[in-house]
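Read top to bottom, the protein sequences are chains A and B. Residue 217 in this note's numbering sits at position 217 of the first sequence; the count goes up by one each step and never skips. Residue 232 in this note's numbering sits at position 232 of the second sequence; the count goes up by one each step and never skips. Ideal Cβ placement from N, Cα and C applies to all residues, glycine included. What follows is one structure encoded as structure tokens, with my remarks underneath.
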Amino acid sequence: MSPGLSALQLAWRRGGLRGPVLVALGAWLLLAYLEGRGQGARCGGGHHHAAAGGGPCASLGLIDWLLMVAAMMTPLLVPIINHVWRSSLARRRFDSLLALGLGYGACWAAAGAVLIPAAAALGQGWPTAAAIAAASVAWSCSPIAQYARNRCHRVRGIHPFGWAADRDSLAQGAMAGGPCVLACWPWMLIPMSVPVGHAGVTLAVTLFLFLERLGEPRKPAWRVSPALTTLRLLIPRRTSTWQPAG
Amino acid sequence: MPRVRVDVSSLGAGWNPTLEWYAKAVAKLQTLPATDRTSWRYLGGIHGYKRETWISKGVITDKDPLPPDTEWDGRMWNQCQHQGYFFLPWHRGYLHAFEEIVGATVKALGGPSDWALPYWNYFDGDSALQMHAAFTDPKMPDKTTDNPLAAPPRTNTALDKTKISLDAMKNKIYTSASGTSGFGGGVTIFKHFGGLTGALELNPHNSVHRRIGGFMEDPNTAGLDPIFWLHHCNVDRLWAAWLTRKDHVMEDGDAWKNGPVRKFEMPGPDGQLHAFTSAETMPGGRLAPTYDDLQNGTGLPAVSSSLEEVEAEAMPARLSSEPPPPATLVGANSGRITIGETAATTDVRLQPQATELAGLAAEQRVFLNLENIRGRASSATLTVRISAPAAASALTEGPSFSQSIDLFGLAESSGADGEHGGNGISVAIDITEIANQLAPDSGTPVEQLEVRIEQEDAEAPVTVERVSIYKQPVG
């Protein structure tokens, strides 16, 4: 088995992936269901009575938005989720994870208050989507995005007992959510700007952001997006045979 | 002809052909530009590189050409694996590449074709604590040429036997579960720094780096000191010796064996890059080394097996792809503490179940965790003291415990905007013994333990995000 698949299998067996995968899958299924009913979390379809598109983006609900965030961002949050899980007493784990989700979700809810109207103002269409995508790539290459990515996986201590455990988990959520918003915000506009194929575009953006997040922290500077660096490092390179010792 | 690695002290007290050829080869490699993959500086940069440090220490000037960008990003430079279960296989491949390049240079200079890297067996008696004389003599045997083996700055040329330990060899499982200490370290992906340190890495590896100081205490310069390679050769030998015991459980999961996903790469004597996996460093693999002895200075009881039986294909340790038993949290302190010139004391509160620690030690191992240790110094030494209330134990003064912890690569793992992360170093210390002393039937609940942490020669404050206790079922 390839080491990548094996690492995923190991994480699954240890239980560290199950929760996040189930949350993400659930969010994707709900998104697909809403998409099918013409109530998806995209601008055109977001107009609750206009499945054919063309409705104003401002009609996108907060629930739709957070659903989209849950589907896209949960896989990226796995190391933080595991940190809180491991750091909590067995009987408190679900409380702590709930607090983590609240802290993280609050950051994205605040971002949604700005980004949803912004998407509405920008409207839908392929030229608009292409322009946002280009701006998103440029943003990913910027030092400020790198600064934010460096902080996405930073962990803090979690108090083991009582309300202090919830407080610390909430703070951990905000600590991850803030930089996450800063690093990813323009990318979230892309799915809302495409006239059709919302789910596919959302998935593509998720994969790109996942590859970005796999990149190691680096000094903030203008440079190629770490998603491309990660891809380059994952592609086997031609190397010559190493002669046996002696 | 195979290269056989021998104890440097067995070569004699003064200069000898092996070390003289080593010195000549080092001098030759030091003349090569850093862009040459077989140069001394390129080989050192694979372990760690920081431009400001290299310039300030005179390794390069700000005008020296460096390898192309495509060889950075941890592909070649800044590649070393620490604080995780790839620490040992990565360094074994690194030693192999180094030995091949130095060996080829020795041969090209007119030396033997089977030159092999010796190891510094610092656990083989008090005299072995002193660095071999060839590493301190300012001149080569001709008395006129500067000796490159003695050139790097060092704080000490002898080790303190009270600071190094073979306790790591008592660990029976290679992989550390989260919150525990295994022989080889915690599960990671390809990671330069920032994870759960393995027992062998913590001590003697880190401790020797820290005691020698100078270039050796900073991962960005450590590989530039010729003694680095003899030290790592001994660490590698301890792993080889650990593998010769039937009751030891070696990691065999595909993620480790065929990993990491991003392959490790090393240059060969021809300057070409070669990828390798962890499996290739195991006995019988292409990169498996041969040592003259796997007994002296290893802390392991003697076995009747001959060397031939324990090397190469024969590997008595049991291979297992099963993850180690998971550990669970038992208690923790209330939050971050800072240790500077003054010590920090914190109370680690345990779960309400009073006998959580007491009485469990027979079936559980208990670990004190210092989570996410961060600091600005390249290395640091912490002394951890644990005491329990006397009433909670069968002893009149209460049990106590003290352990010194050497941290290597602290700044590297702490800087959020560096190349390496920002979550610091996590260390788990086995405190099963003190947990054993907490009498389960004393009638007094054990509610907390007092942990006091001091920093030796504090250069800069160190923070510990949380001090916690985990328990892990045995086997």
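What would DSSP say about residue 250 of chain B, mapped onto helix, strand or coil?
As a working mapping, residue 250 of chain B is identified with position 250 in the second sequence. Strand, per DSSP.
Taking all protein chains shown into account, do 16 or more other C-beta atoms lie within 10 angstroms of the C-beta of residue 134 of chain B, making it buried, or fewer, making it exposed?
Position 134 of the second sequence holds residue 134 of chain B. Buried: at least 16 other Cβ atoms inside 10 Å.
Which residues, in chain order, does the region 217 to 246 of chain B contribute to contact with chain A at a C-beta distance below 7 Å?
none
Checking contacts by CB at 8 Å: is residue 312 of chain B closer than that to chain A?
For the purposes of this step, residue 312 of chain B is taken as the residue at position 312 of the second sequence. Residue placement at residue 312 of chain B cannot be trusted, given a pLDDT of 48 that sits under 50; the coordinates are not used to answer.
So what's residue 63 of chain B in DSSP terms, helix, strand or just coil?
Mapped onto the second sequence, residue 63 of chain B falls at position 63. Reduced to three states, the DSSP call for residue 63 of chain B is coil.
Taking the C-alpha atoms as reference points, what is the distance between residue 377 of chain B and residue 157 of chain A?
Counting from 1 along the second sequence, the entry for residue 377 of chain B is found at position 377. Counting from 1 along the first sequence, the entry for residue 157 of chain A is found at position 157. Answer to the nearest angstrom: the Cα atoms are 21 Å apart.
When you check each C-beta in the region 134 to 160 of chain A against every C-beta of chain B, which residues fall closer than 9 Å?
146, 147, 150, 151, 153, 154, 155, 156, 157, 158, 159, 160
Who are the near neighbours of residue 80 of chain A in its chain, counting only those whose CB is closer than 6 Å to its CB and skipping five residues on each side?
As a first step, residue 80 of chain A must be located in the first sequence, where it is residue number 80. Cβ neighbours of residue 80 of chain A beyond the five flanking positions: 176.
With burial defined as no fewer than 16 other Cβ atoms inside 10 Å of the residue's Cβ, what is the status of residue 44 of chain B: buried or exposed?
For the purposes of this step, residue 44 of chain B is taken as residue 44 along the second sequence, with counting starting at 1. Label assigned to residue 44 of chain B: buried.
Going by DSSP, what residues sit across from residue 406 of chain B in a beta bridge?
As a working mapping, residue 406 of chain B is identified with position 406 in the second sequence. In DSSP, residue 406 of chain B forms a bridge with B:381.
Burial state of residue 22 of chain A, where buried means 16 or more other Cβ atoms lie within 10 Å:
As a first step, residue 22 of chain A is located in the first sequence; it is residue number 22 there, counting from the start. Residue 22 of chain A is exposed by the Cβ-count criterion.
What would DSSP say about residue 476 of chain B, mapped onto helix, strand or coil?
The structure shown has nothing for residue 476 of chain B, since chain B only spans 1 to 475.
I'd like the span of the alpha helix (DSSP H) that includes residue 24 of chain B, first residue to last.
Numbered from 1 along the second sequence, position 24 holds the residue referred to as residue 24 of chain B. Counting along the chain, the alpha helix (DSSP H) containing residue 24 of chain B begins and ends at 17 to 31.
Return the Cβ separation of residue 333 of chain B and residue 467 of chain B in integer angstroms, given the expectation that the two are a contact with Cβ distance under 8 Å.
For the purposes of this step, residue 333 of chain B is taken as the residue at position 333 of the second sequence. For the purposes of this step, residue 467 of chain B is taken as the residue at position 467 of the second sequence. The pair is a contact, with the Cβ atoms about 4 Å apart (cut-off 8 Å).
So, residue 463 of chain B versus residue 338 of chain B, is the Cβ gap smaller than 8 Å?
For the purposes of this step, residue 463 of chain B is taken as residue 463 along the second sequence, with counting starting at 1. For the purposes of this step, residue 338 of chain B is taken as residue 338 along the second sequence, with counting starting at 1. In this structure, residue 338 of chain B lies closer than 8 Å to residue 463 of chain B by Cβ.
Starting from the Cα of residue 412 of chain B, find the closest Cα among B:425, B:403, B:400, B:404 and give me that residue.
The residue you call residue 412 of chain B lines up with position 412 of the second sequence. Nearest C-alpha to residue 412 of chain B: B:425.
Output, in sequence order along the chain, the residues in the region 74 to 97 of chain A whose CB is closer than 8 Å to any CB in chain E.
The chain inventory of the structure shown lacks chain E, comprising the protein chains A and B.
State whether the region 280 to 298 of chain B contacts the region 238 to 247 of chain B, with contact taken as three or more CB pairs (one from each stretch) at a distance under 8 Å.
yes
Enclosing alpha helix (DSSP H) for residue 224 of chain A [first to last residue]
Within the first sequence, residue 224 of chain A is the residue found at index 224, counting from 1. Residue 224 of chain A -> no alpha helix (DSSP H), and no H or E assigned at all.
Is there a Cβ of chain B sitting closer than 8 Å to that of residue 20 of chain A, yes or no?
Counted from its first residue, the first sequence places residue 20 of chain A at position 20. No, its Cβ sits nowhere closer than 8 Å to a Cβ of chain B.
Can you give the Cα-Cα distance for residue 110 of chain B and residue 17 of chain B, rounded to whole angstroms?
On the second sequence, residue 110 of chain B is found 110 positions in, with the first residue counted as 1. On the second sequence, residue 17 of chain B is found 17 positions in, with the first residue counted as 1. Cα-Cα distance, rounded: 12 Å.
Check whether the Cβ of residue 227 of chain A lies closer than 8 Å to any Cβ atom in chain B.
On the first sequence, residue 227 of chain A is found 227 positions in, with the first residue counted as 1. It does not; no Cβ of chain B falls within 8 Å.
Let me check understanding here. Comparing Cα to Cα, which of B:188, B:212, B:182, B:179 lies closest to residue 161 of chain B?
Counting from one through the second sequence, the residue named residue 161 of chain B turns up at place 161. The option with the nearest alpha carbon to residue 161 of chain B is B:212.
Specify, as a first and last residue, the run of the alpha helix (DSSP H) that residue 149 of chain A falls within.
Against the first sequence, residue 149 of chain A aligns to sequence position 149. Per DSSP, residue 149 of chain A belongs to the alpha helix (DSSP H) from 143 to 152.
For the region 325 to 338 of chain B, enumerate the residues whose C-beta is nearer than 9 Å to any C-beta of chain A, in chain order.
326, 327, 328, 329, 330, 331, 332, 333, 334, 335, 336
Are the CB atoms of residue 83 of chain B and residue 195 of chain B nearer to each other than 8 Å?
In the second sequence, the residue the question calls residue 83 of chain B occupies position 83. In the second sequence, the residue the question calls residue 195 of chain B occupies position 195. Cβ distance < 8 Å, so residue 83 of chain B and residue 195 of chain B count as in contact.
Alpha carbon of residue 73 of chain A to alpha carbon of residue 203 of chain A, nearest angstrom:
The residue labelled residue 73 of chain A in the question sits at position 73 within the first sequence. The residue labelled residue 203 of chain A in the question sits at position 203 within the first sequence. Those two C-alpha atoms are separated by around 11 Å.
Using 8 Å as the threshold, is the C-beta distance between residue 199 of chain B and residue 177 of chain B below it?
Taking the second sequence and counting its residues from 1, the one referred to as residue 199 of chain B is at position 199. Taking the second sequence and counting its residues from 1, the one referred to as residue 177 of chain B is at position 177. The answer is no: Cβ separation not under 8 Å.
Starting from the N-terminal side, write out each stretch of the beta strand (DSSP E) that is 3 residues or longer and does not extend beyond the region 262 to 345 of chain B.
264 to 267, 273 to 276, 318 to 320, 328 to 332, 337 to 339
Kindly indicate which residue of B:75, B:10, B:428, B:331 has the alpha-carbon position closest to the one of residue 128 of chain B.
Within the second sequence, numbered from 1, the residue matching residue 128 of chain B stands at position 128. Of B:75, B:10, B:428, B:331, the residue nearest in Cα terms is B:10.
CA-CA distance, residue 260 of chain B and residue 46 of chain B?
Position 260 of the second sequence, counted from the first residue, corresponds to residue 260 of chain B. Position 46 of the second sequence, counted from the first residue, corresponds to residue 46 of chain B. In a straight line, the C-alpha of residue 260 of chain B is about 17 Å away from that of residue 46 of chain B.
Can you find a C-beta in chain A that's less than 8 Å from the C-beta of residue 351 of chain B?
Working through the second sequence from its first residue, we reach residue 351 of chain B at position 351. Closer than 8 Å to some Cβ of chain A, the Cβ of residue 351 of chain B qualifies, so yes.
Contact check, residue 132 of chain B vs residue 19 of chain B under 8 Å by CB: the rounded distance?
Residue numbering aside, residue 132 of chain B sits at position 132 when the second sequence is read from its first letter. Residue numbering aside, residue 19 of chain B sits at position 19 when the second sequence is read from its first letter. Correct: roughly 7 Å between the Cβ atoms.
Whole-angstrom Cβ separation of residue 122 of chain A and residue 193 of chain A, contact assumed at under 8 Å?
The count along the first sequence starts at 1 and reaches residue 122 of chain A at position 122. The count along the first sequence starts at 1 and reaches residue 193 of chain A at position 193. That pair is a contact at about 6 Å.
What is the residue span of the alpha helix (DSSP H) that residue 21 of chain A lies within?
For the purposes of this step, residue 21 of chain A is taken as the residue at position 21 of the first sequence. Run containing residue 21 of chain A: 18 to 36, per the alpha helix (DSSP H) assignment.
Please list the terminal residues of the continuous beta strand (DSSP E) segment that includes residue 463 of chain B.
Position 463 of the second sequence holds residue 463 of chain B. Note, residue 463 of chain B: beta strand (DSSP E), 462 to 473.
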